[in-house]
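Last residue of the sequence shown: 80 in the working numbering, with the numbers rising by one and none dropped.
Single-structure report; data block below.
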Amino acid sequence: MIDLKAARQEPDRYREALARRGAAADFDALLAADASWRSHTERAEALR
């Protein structure tokens, strides 16, 4: 399991570790999805 907070703070370290396992592309998709989710959550909170 990936700690998203730590991954956001040190993405290169996580990307390198996952690249050794052949999952770096999946990690980039995860970060993109997380950024999108955080953006939508902030917008929803602002609309409340």
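Cβ coordinates follow ideal geometry from the N, Cα and C atoms, glycine included.
Nearest Cα to L50 within the set D66, R75 and M33: M33. Our two residues, P43 and A78, have alpha carbons roughly 28 Å apart in a direct line. Taken through DSSP and simplified to helix, strand or coil, A61 comes out as helix. The Cβ atoms of L63 and A38 do not sit closer than 9 Å to each other.
Within the model, the alpha-carbon separation for A55 versus R47 is close to 8 Å.
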